[in-house]
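All remarks here apply to the structure that follows.
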Amino acid sequence: MSNKIHSILNEVKLDFLGISQNESFARGVVANFVSQCDVTIEQLSDIKTAVSEAVTNAIVHGYKGTTGMVTLACRLYSSNDRFTKTLEIAISDNGIGISNVEKAREPLFTTQPEMERSGMGFTVMETFMDDVTVRSAPKCGCIVTMRKTL
Ligand SMILES: Nc1ncnc2c1ncn2[C@@H]1O[C@H](COP(=O)(O)OP(=O)(O)OP(=O)(O)O)[C@@H](O)[C@H]1O
Ligand SMILES: [Mg+2]
0 MSNKIHSILN
10 EVKLDFLGIS
20 QNESFARGVV
30 ANFVSQCDVT
40 IEQLSDIKTA
50 VSEAVTNAIV
60 HGYKGTTGMV
70 TLACRLYSSN
80 DRFTKTLEIA
90 ISDNGIGISN
100 VEKAREPLFT
110 TQPEMERSGM
120 GFTVMETFMD
130 DVTVRSAPKC
140 GCIVTMRKTL
């Protein structure tokens with residue numbers, strides 16, 4: 000990223016039960032958080048789509064067949080150019096985790112082909128956000144951190 004992050008302007012954190020009803024809740028929280036910035040409709044739509052993909056992954060893969068808590072953290076940073084801000088969204092679960100993150104991030108890779116998953120979630124996140132990092136290990140859950148300059 001070209002703009003160096005400066006300081007935190009705002010931060011919210013939310014824990015919710017990993018059930019599909021809460022996907023739209025998480026999207027709504029992020030949309031509300033972002034509304035304090037000058038975002039375009041397209042940027043807002045991109046951010047909400049990326050959040051949906053990460054939250055869905057936590058629910059359907061992380062907690063596959065069980066239910067657990069998902070954490071959403073939103074942070075807004077000022078940049079040193081004074082004109083832009085950086086949005087950071089972290090979505091984490093305490094589920095089964097990913098043994099090979101590099102492989103999981105490949106387009107079309109899925110461990111649930113029988114559920115008609117297309118293996119494009121991480122690719123969507125990468126396309127719609129400026130930067131995506133994934134930290135995970137088996138049985139240790141997963142944290143996806145996404146950044147976008149606004
Ligand atoms: N939070 C998570 N916990 C455990 N495994 C995960 C998690 N997120 C992703 N994965 C693994 O990474 C794979 C790729 O994820 P990705 O979102 O790209 O595709 P998908 O979820 O399988 O399909 P799609 O998102 O297109 O419906 C998943 O199939 C799953 O094996
Ligand atoms: Mg997915």
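Residue numbering for the sequence shown is 0 to 149, as defined by numbering that gives the first Met the number 0.
Here a beta-carbon is modelled for each residue, glycine too, at the ideal position from N, C-alpha and C.
- A Cβ-Cβ distance of about 6 Å is found for the pair residue 86 and residue 75, placing them in contact under the 8 Å criterion.
- Residue 25 sits buried, since 16 or more C-beta atoms from the chains shown fall within 10 Å of its C-beta.
- Taking the CA atoms as reference points, residue 34 sits about 24 Å from residue 121.
- Assignment of residue 43 by DSSP, reduced to helix, strand and coil, places it in the helix class.
- The C-beta separation of residue 61 from residue 140 comes to about 7 Å, placing the pair in contact by the 8 Å criterion.
- Per the CB criterion, closer than 5 Å to any heavy atom of ligand 2, the qualifying residues run in chain order as 56, 120.
- The beta carbons of residue 64 and residue 94 sit about 10 Å from each other, so the pair does not count as a contact at 8 Å.
- Under the DSSP assignment, residue 101 falls outside any beta strand (DSSP E), being part of the alpha helix (DSSP H) whose first and last residues are 100-103.
- With respect to the 8 Å criterion, residue 89 and residue 131 are not classified as neighbours on the basis of their beta carbons.
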